[in-house]
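Taking it in order: structure first as structure tokens, then the write-up.
Numbering (the numbering used here), first residue to last: 56 to 525.
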């Protein structure tokens with residue numbers, strides 16, 4: 056009993072004991088909160104590094120691969136269309152343009168496959184997909200090379216077409232599905248990382264608020280006790296420590312909230328649109344390739360016509376539309392949208408983008424993209440009309456020429472508009488990453504310094520009072 060009483064006097068009953076206990080609790084809370092904010096800063100920095108250097112680049116590289124595969128096949132078809140008979144009757148500018156784009160696409164695919172092979176390490180499913188893509192692409196190149204070689208021989212057009220059919224079937228049956236699998240896989244991984252990071256930030260924010268409230272309460276109790284016991288209005292050291300703690304809690308919660316908002320903006324407002332528009336670009340090149348295939352291979356027009364329509368529907372989907380009424384339905388639904396921006400009576404990648412307008416200039420860029428798309432669609436119908444009228448040479452020239460008011464020129468205008476729209480979202484993604492990193496590396500470390508300063512001020516403020524009892 057006597058021992059318990061002595062222990063009580065030592066740890067609570069006497070004034071010095073109470074001061075030491077309050078000092079220990081206050082300093083412990085300040086140190087714990089500083090450590091929590093330091094760990095939050097390190098975790099946020101790691102998240103932003105992963106977003107900027109791993110998650111986003113993997114997804115965009117896979118999307119670039121999908122696009123380059125479509126472009127390479129489209130340019131191969133264009134080479135066969137514009138080459139003439141072993142060079143005789145060649146369409147000079149279209150052939151030279153196609154040859155240059157073909158080489159660029161092939162180099163881009165090689166670069167993307169190497170980058171994705173590195174990114175896939177540790178993920179067995181992605182590793183197998185990249186391995187299969189690499190093997191299938193080697194076979195695809197061999198088939199296309201054989202088609203171009205046969206096309207260079209007089210009378211080799213039929214053999215070249217057969218080789219091209221085999222190559223494009225491999226592309227549609229193996230390469231493109233595998234490339235889209237990589238896009239979806241990497242985008243899903245990014246989404247999981249995003250959800251986990253947001254959950255962690257929410258938990259850290261709740262912990263900072265709770266610990267901050269306890270610290271401020273402890274400092275308030277300490278100040279009240281000093282005022283009552285020593286008959287002084289305020290203790291300067293404890294008052295300064297309270298100000299430091301209050302600033303640290305405010306700045307810490309603001310930094311964590313801002314980091315969560317920047318992360319949401321980077322992923323949902325910006326990168327979701329980047330992914331949708333990257334898919335749209337790849338689909339656009341595939342649809343354009345179907346147009347060239349349709350001209351190149353009359354025996355497969357029954358296949359390539361519906362394929363072109365299906366890809367158009369993925370971009371701007373209209374219920375029940377056919378090639379014959381697609382343009383009229385596009386005009387009708389677009390006029391409805393122009394009258395009321397909430398009236399999106401269509402589906403597809405363009406609808407997803409128009410439903411996610413966030414940034415200045417984005418709506419105007421998105422509308423320009425759809426308007427240039429509509430021009431390209433009308434060109435497609437002109438090509439089919441020329442063929443139906445027996446003017447195949449004129450149809451090929453209109454499809455492949457680069458002069459103003461031709462199909463390729465309009466396709467380039469559409470791709471330019473789509474690129475500008477994508478750049479708006481990509482630029483805001485980069486800005487959100489930069490702002491998030493700034494919060495993590497700039498503001499949060501200052502909150503730790505404020506808390507440690509507050510702990511030191513508490514010790515200094517109590518030192519004269521404790522000295523009175525020596």
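Glycine residues also receive a C-beta, built at the ideal position from the N, C-alpha and C atoms.
- Listed in chain order, the non-local C-beta contacts of residue 271 below 8 Å within the same chain comprise 297, 300, 301, 304, local neighbours out to five positions each way being set aside.
- For residue 465, the enclosing alpha helix (DSSP H) begins and ends at 462 to 493.
- Taking a C-beta distance under 8 Å as the contact criterion, residue 115 and residue 333 qualify as a contact pair.
- With a 10 Å radius around the Cβ and a threshold of 16 neighbouring Cβ atoms, residue 144 comes out exposed.
- Nearest to residue 442 by C-alpha distance, out of 275, 350, 365, 231, is 350.
- Here residue 143 is bridged, per DSSP, to 140.
- For the pair residue 329 and residue 198, the CB atoms are not nearer than the 8 Å cut-off.
- Annotated as distal: residue 432 and residue 476, with beta-carbon spacing of 8 Å or more.
- An exposed status is given to residue 291, since fewer than 16 other beta-carbon atoms sit within 10 Å of its beta-carbon.
- Counting along the chain, residue 318 sits inside the alpha helix (DSSP H) bounded by residues 291 to 319.
- Within the DSSP bridge table, the entry for residue 402 names 372 as partners.
- For residue 200, the enclosing alpha helix (DSSP H) begins and ends at 179 to 206.
- Looking at the backbone, the Cα of residue 177 and that of residue 125 are separated by about 28 Å.
- With contacts defined as CB atoms closer than 8 Å, residue 136 and residue 391 fail to qualify as a contacting pair.
- Less than 8 Å separates the beta-carbon of residue 495 from that of residue 99.
- Contact between residue 490 and residue 343 fails: their C-beta atoms lie close to 38 Å from each other, not under 8 Å.
- DSSP places residue 91 in the helix class (H, G or I) of the three-state scheme.
- Counting along the chain, residue 221 sits inside the alpha helix (DSSP H) bounded by residues 212 to 225.
- Distance between residue 414 and residue 474, taken at the CA atoms: about 15 Å.
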